[in-house]
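Everything on this sheet refers to the single structure shown next.
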Amino acid sequence: MADTSIEWTDATWNPVSGCTIMSAGCTNCYAMRMAARLEAMGLEKYRGLTRKTGGRAKWTGDIRLDETALNIPTTWSKSRNVFVNSMSDLFHPSVPTGFVGRVWDVMARTERHTYQILTKRPDRMNEVLRNGFPVLPNVWLGTSVEDDRVLHRLDELREIPAAVRFVSFEPLIGSVSQGSLKGIHWAIVGGESGPHARPLDPSWVDEIFNMCSDADAAFFFKQWGGKNKKATGRTYRQQTWDQMPRLSM
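Residue 15 is where the sequence shown starts when you use my numbering, and the numbers rise one by one after that.
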């Protein structure tokens, strides 16, 4: 719930904390490590959300709703891009639809902000939002895709009514050449970072760059990643790619 170093947003807002490992992209999730650190610092919100397994922090599957965090965006007078639930997934099955509705109400009342919601569960996102939720022009809906085993998430995302649909190909750990970005407005691409980072093949980035060109989607290259992401940088094809989706409304 503060300014962030994440390149494609300005701030994070976490009315929910905790998650469950969903697919291969979750294996080295930064949020698990961060939740463990925050618990060690004494933050009650993160107590019991992770456990140590094989020397690493892993989600326990517990989900915590933070009533006190709900209205934080109303206190920000300056407009911001806001990554919703960087420490969880708003559409985790343990998050009640009613609580999602309360998050929706805050976003509707703070039109000055642009909200970026990322989920690994676009099927539930679709199920929940088709149950009376309005399409908000300041809310972007996205899903994470790490390799070709979860390309079905792109099809599920396409079914969801949204002002902007986006995909985070991060951590990109395999080819997604059989996918399509038709009906999707923005792609974020990044390699995994941290002590157990899996390698990023440049050809996988090329595939997504070409997919963006074919679908007229904005291309944002976040990082090459690795154990030292600052050393590998974020230059692709001799330049930095910070494209953002073009808004029609």
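Just so you know, even glycine gets a beta-carbon here, dropped at the ideal spot from N, CA and C. Treat the numbers as computed from the prediction; the structure is a model and nothing was measured.
Member of the options whose CA lies at the smallest distance from the CA of residue i
{"i": "E81", "options": "G68, M55, G112, P209", "result": "G112"}
{"i": "S91", "options": "T64, M101, R126", "result": "R126"}
{"i": "T34", "options": "R78, L171, D17", "result": "R78"}
{"i": "K196", "options": "A54, R167, S207", "result": "R167"}
{"i": "W27", "options": "S227, R94, L165", "result": "R94"}
{"i": "P136", "options": "E170, W22, G208", "result": "E170"}
{"i": "A25", "options": "T88, V96, W154, T74", "result": "V96"}
{"i": "R116", "options": "P87, S100, R138, R163", "result": "P87"}
{"i": "A229", "options": "S207, I198, K243", "result": "I198"}
{"i": "M101", "options": "V142, T133, S37, V114", "result": "T133"}
{"i": "F147", "options": "G205, V114, M55, D220", "result": "V114"}
{"i": "F223", "options": "P213, P209, A176, Q257", "result": "Q257"}
{"i": "T254", "options": "I174, D17, A16, W22", "result": "W22"}
{"i": "L143", "options": "P175, C226, L63, P107", "result": "P175"}
{"i": "R163", "options": "G193, T64, E53", "result": "G193"}
{"i": "T89", "options": "T124, T157, P110, S19", "result": "T124"}
Distance CB(residue i)-CB(residue j) smaller than 8 Å
{"i": "V190", "j": "K236", "result": "no"}
{"i": "Y129", "j": "V149", "result": "no"}
{"i": "A201", "j": "A231", "result": "yes"}
{"i": "M121", "j": "N85", "result": "no"}
{"i": "T249", "j": "G239", "result": "no"}
{"i": "L104", "j": "I131", "result": "yes"}
{"i": "S37", "j": "K59", "result": "no"}
{"i": "V181", "j": "W154", "result": "no"}
Three-state secondary structure assigned by DSSP to residue i
{"i": "K196", "result": "coil"}
{"i": "W22", "result": "coil"}
{"i": "W218", "result": "helix"}
{"i": "G39", "result": "helix"}
{"i": "F105", "result": "coil"}
{"i": "T34", "result": "coil"}
{"i": "D119", "result": "helix"}
{"i": "D17", "result": "strand"}
{"i": "V142", "result": "helix"}
{"i": "K134", "result": "coil"}
{"i": "T88", "result": "helix"}
{"i": "K66", "result": "strand"}
{"i": "S189", "result": "coil"}
DSSP bridge partner residues for residue i (one or two, in chain order)
{"i": "N95", "result": "T128"}
{"i": "T111", "result": "Bridge partners of T111: none, in fact."}
{"i": "Y250", "result": "Q253"}
{"i": "L79", "result": "V30"}
{"i": "I202", "result": "S182, F234"}
{"i": "A71", "result": "K66"}
Does the region 35 to 52 come close enough to the region 67 to 85 that 3 or more CB-CB pairs lie under 8 Å? Short answer: they touch.
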